[in-house]
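Everything below concerns the one structure shown next.
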Amino acid sequence: MGILNFFRKSEQPQRRQPRLATRTYRAPQDKTVAGGWLPSSAYERAPSALSAIRGRARDLAHNNPHASRAVSVLTSHTVGSGIRFSMRGDDEYERAFRAWASSTACDYEGRLNLYGQQSVMARTMYEAGDAFAVIRQEREKGDDGVGRIVPKIQLVDPDQLDEGASPRGIGNKVLSGVEVNPRGQIVGYHMKVDLDGQRSEFFSADVVIHLFEQLYPGQVRGIPRGAQALVRANTIDSFMSAALAKARVEACLAAFITGPSLDDSTGIIGEADDVGEFVLPERLEPGTIVPLPDGHDLKVVVPSSSGGMREYIEVSLMSCAMAYGVTYAQLSGDVSKANYSSEKASRLEFYRGVDTVRAHFVMPALARVEAAFREAFVASEGREVDVTVSMTAPGRESIEPSKDALADMTALAAGGKSFGQYCAERGLDREEQLRELKEERRMIADAGVELQFGTFILALAAAAAAEDARAISTDSESG
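When we follow the numbering used here, the leftmost residue of the sequence shown carries the number 699, and every step to the right adds one.
Below, the structure is given as structure tokens:
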């Protein structure tokens, strides 16, 4: 017995020490019921599981309809048709920049203009966590034969960063393809430049635009939107596939014939089995009458149905909507439970989130594009450029245009907002709007046509106010 006990003891697994969770992004798991939640305060400038998280997030954005919808909604509301630049102080420079930004001359691959590149970068940021662009200053010959320096913006996929590259500087470290010096400053990026990914190049941080949503100090790589709900979003697909398979089984008709002369293992309809002169039919069709021998019975299999599928999907989609930062209606397309007040409240919160990302991360990145073009313009023209640059995001469509227009007129008349603020809310450039209004008024005057748009609108507002006052007076008299 002693020898047997010795072998039994040797086969027993050793008890493992509990492992503490570090501050990192991981697949959401509920381990609180299996031993407690023991997070530590470990610091990571680039999460160790970022590559796996990015791969899963991009797979969902490409194959999951809800994740794809969330990314599209965030992209369209962040940049839309493009964030426009407005310059004051140098008309020649403004015309040159707008011509460059509106053409494909700004694209290294010659496919998109600057506004299309904004859309691709914003979508990549939400989908993969961050987006990269390399500014390449190239010399091109114009019609007059003079070589001018023109910046080319090359978009780089986040997966092209070489995470296994060696640092170039002494004491530097490479974190997920980003090289950081001993003081914690980003000095450059290692990017794969060939198709097979075998060769990488180092690009200085001065020529690389790194667009990502910074969530904590010292972060060097972005986290994909919806990272907290990746498993839940993927589970919805699995759950719906299982529900479809279950529905197919429920749609099938299966029956068993029981009796003293039939073997239980051969009584399934669909298999021909002779029992005397009785032959089992291969299939049941509408109106089929099956004569059974004496003492036999036909039992139909009725699969059990499980409820709660719709509730589970709704709750899961709500969690995914919160993780992506969109509304439930935007993520699911289901507006059956939404009313005007709840939808407006959720939209306002969504707009604040989009405006924050645009103001804090997107516009500073675009400012570097304008700075690169100004540097090239100064080098080519041989003169300094003194301009005031502002950016205007696309306007939002009004749900109730008449009420919003009346509110805007009241605020403008009372001094609650300026004409520039009104134009910014509508996605319009103030200077361009004033020029168009001036030109339009001149053309109308030259044509001898009298159009009093403002007077007409104010008259309508006054008439509406008078009608409301009469209604209130009538109610008070009747009361």
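Glycine included, every Cβ here is placed at the ideal spot set by N, Cα and C.
> Roughly how many angstroms separate the alpha carbons of R1094 and D894, rounded to a whole number?
Replying inline: Locating residue 1094 in the sequence shown gives position 396, counting from the first residue. Locating residue 894 in the sequence shown gives position 196, counting from the first residue. For R1094 and D894, the distance between alpha carbons rounds to 43 Å.
> What's the gap between the Cα of H1215 and the Cα of A1122?
Replying inline: For the chain, the structure presents residues 699 to 1177; residue 1215 sits outside this window and is missing.
>> Please state whether the Cβ-Cβ distance between A791 and V1085 is less than 8 Å.
In response: For the purposes of this step, residue 791 is taken as residue 93 along the sequence shown, with counting starting at 1. For the purposes of this step, residue 1085 is taken as residue 387 along the sequence shown, with counting starting at 1. The question names Ala, yet the displayed sequence has Tyr at residue 791. Contact: yes.
> So which of V906, G869, A925 and R1056 has the shortest CA-CA distance to A826?
Replying inline: The residue you call residue 826 lines up with position 128 of the sequence shown. Selected option, being the one with the closest Cα: A925.
>> Could you compute how far the alpha carbon of V872 sits from the alpha carbon of R793?
In response: As a first step, residue 872 is located in the sequence shown; it is residue number 174 there, counting from the start. As a first step, residue 793 is located in the sequence shown; it is residue number 95 there, counting from the start. In a straight line, the C-alpha of V872 is about 41 Å away from that of R793.
> Taking T1090 as the reference, which of A1111, F1075, Q1131 and A1109 has the closest Cα?
Replying inline: Here the question's residue 1090 lines up with position 392 in the sequence shown. Of A1111, F1075, Q1131 and A1109, the residue nearest in Cα terms is Q1131.
>> If you follow the alpha helix (DSSP H) that Y887 is in, where does it begin and where does it stop?
In response: Taking the first residue of the sequence shown as 1, we reach residue 887 at position 189. Looking at the DSSP string, Y887 is not in any alpha helix (DSSP H); the run it does join, the beta strand (DSSP E), is I884 to K890.
>> If I follow the unbroken alpha helix (DSSP H) through D1144, where does it start and stop?
In response: Here residue 1144 refers to the residue found at position 446 when the sequence shown is read from its first residue. R1128 to D1144 is the span of the alpha helix (DSSP H), which, as asked, contains D1144.
>> I'd like the ranges of any alpha helix (DSSP H) spanning at least 4 consecutive residues and lying wholly in the region 774-843.
In response: 789-800 and 812-826
> Is it the case that the Cβ atoms of D1022 and R881 are separated by a distance below 8 Å?
Replying inline: One-based indexing of the sequence shown puts residue 1022 at position 324. One-based indexing of the sequence shown puts residue 881 at position 183. According to the sequence shown, residue 1022 is Tyr rather than Asp. No.
> What is the C-beta distance between I781 and M1061, in whole angstroms, given that I count them as a contact (C-beta under 8 Å)?
Replying inline: Along the sequence shown, read from residue 1 onward, the residue named residue 781 stands at position 83. Along the sequence shown, read from residue 1 onward, the residue named residue 1061 stands at position 363. Confirmed, Cβ separation roughly 7 Å.
> Going along the chain, which unbroken runs of the beta strand (DSSP E) with 3 or more residues stay wholly within the region 1085-1133?
Replying inline: Here the runs fully enclosed are 1086-1090.
> Can you list the beta strand (DSSP E) stretches of 3 or more residues lying completely in the region 847-926, in chain order?
Replying inline: 871-873, 876-878, 884-890, 898-902 and 906-910
>> Using the three-state DSSP reduction, which class does V1033 fall into: helix, strand or coil?
In response: Residue 1033 sits at position 335 when you count from the first residue of the sequence shown. Residue state, collapsed to three classes: coil.
> According to the neighbour-count rule (16 or more other Cβ atoms, all chains shown, within 10 Å of its Cβ), is I868 buried or exposed?
Replying inline: To locate residue 868, count along the sequence shown from 1; it is residue 170. When all chains shown are included, I868 counts as exposed.
> Count the other CB atoms within 10 Å of the CB of E836; is the residue buried (16 or more) or exposed (fewer)?
Replying inline: In the sequence shown, counting from the first residue as 1, residue 836 sits at position 138. Label assigned to E836: exposed.
> From this set, E1148, T1025, R1124 and D1053, which residue's C-alpha is nearest R767's C-alpha?
Replying inline: Taking the sequence shown and counting its residues from 1, one reaches residue 767 at position 69. Sorting E1148, T1025, R1124 and D1053 by C-alpha distance to the C-alpha of R767 places T1025 at the top.
>> Using only CA atoms, which one of P849, T822, R809 and R752 lies nearest to V1076?
In response: In the sequence shown, counting from the first residue as 1, residue 1076 sits at position 378. It is P849.
> Among residues of its own chain, excluding the 5 on either side of R752, which ones have a beta-carbon nearer than 8 Å to its beta-carbon?
Replying inline: Here residue 752 refers to the residue found at position 54 of the sequence shown. Excluding residues up to 5 positions away in sequence, A826, G827, P856, D857 and P922 lie with their Cβ nearer than 8 Å to the Cβ of R752 in the same chain.
>> I need the DSSP call for A732, collapsed to helix, strand or coil.
In response: Against the sequence shown, residue 732 aligns to sequence position 34. Caution is warranted here: a pLDDT of 45 is assigned to A732, below 50, making its placement in the model unreliable, and the coordinate value is therefore given only provisionally. DSSP places A732 in helix when its eight states are reduced to three.
>> On the criterion of 16 or more Cβ atoms from any shown chain inside 10 Å, does T822 qualify as buried, or is it exposed?
In response: The residue you call residue 822 lines up with position 124 of the sequence shown. Burial call: buried.
> So which of V1087, S1088 and R1072 has the shortest CA-CA distance to R1081?
Replying inline: Start at 1 with the first residue of the sequence shown, and residue 1081 comes out as number 383. Taking the Cα of R1081 as reference, the smallest distance to any Cα among V1087, S1088 and R1072 is reached at R1072.
>> What does DSSP give as the partner residue(s) for G845 in the beta ladder?
In response: Your numbering for residue 845 matches position 147 in the sequence shown. DSSP output for G845 lists K839 as bridge partner(s).
>> For a cutoff of 8 Å on Cβ pairs, would you count A1105 as touching chain B?
In response: The structure shown has no chain B; it contains just one protein chain.
> Around the C-beta of I1142, are 16 or more other C-beta atoms found within 10 angstroms, so that it is buried, or is it exposed?
Replying inline: Your numbering for residue 1142 matches position 444 in the sequence shown. It counts as exposed.
>> Am I right that F783 and E1068 are in contact with their C-beta atoms under 8 Å? What's the rounded C-beta distance?
In response: Within the sequence shown, the letter at position 85 stands for residue 783. Within the sequence shown, the letter at position 370 stands for residue 1068. About 6 Å separates the two Cβ atoms, so the contact holds.
> Where does T1025 sit, in a helix, a strand or coil, going by DSSP?
Replying inline: Residue numbering aside, residue 1025 sits at position 327 when the sequence shown is read from its first letter. Here T1025 sits in coil by DSSP.
>> Between the alpha carbons of G1125 and P1092, how many angstroms are there, rounded?
In response: Working through the sequence shown from its first residue, we reach residue 1125 at position 427. Working through the sequence shown from its first residue, we reach residue 1092 at position 394. The straight-line gap separating the alpha-carbon atoms of G1125 and P1092 is approximately 4 Å.
>> For T773, count the other beta carbons within 10 Å of its own beta carbon; 16 or more makes it buried, fewer makes it exposed. Which is it?
In response: Residue 773 sits at position 75 when you count from the first residue of the sequence shown. Buried, since its Cβ has 16 or more Cβ neighbours within 10 Å.
>> One question on the structure: do V1179 and E899 come within less than 8 Å of each other, judged by their Cβ atoms?
In response: With the chain represented from 699 up to 1177, any question about residue 1179 goes unanswered, as that position is not in the structure.
> Relative to the C-alpha of E1009, which residue among A1105, Q815 and F937 is closest?
Replying inline: If you number the sequence shown from 1, residue 1009 lands on position 311. Among A1105, Q815 and F937, the Cα nearest to that of E1009 belongs to F937.
> Of the residues R754, M1016 and R1128, which one's Cα is nearest the Cα of N932?
Replying inline: Here residue 932 refers to the residue found at position 234 of the sequence shown. If we check each option's Cα against that of N932, R754 comes out closest.
> For L990, does the three-state DSSP call read helix, strand or coil?
Replying inline: Here residue 990 corresponds to residue number 292 of the sequence shown, with the count starting at 1. Here L990 sits in coil by DSSP.
> Can you give the Cα-Cα distance for G667 and I833, rounded to whole angstroms?
Replying inline: What is shown of the chain runs 699 to 1177, which leaves residue 667 out entirely.
> On the premise that M819 lies in contact with L853, defined as a C-beta separation below 8 Å, what is that separation, rounded to the nearest angstrom?
Replying inline: As a first step, residue 853 must be located in the sequence shown, where it is residue number 155. As a first step, residue 819 must be located in the sequence shown, where it is residue number 121. So it is a contact: roughly 7 Å between Cβ atoms.
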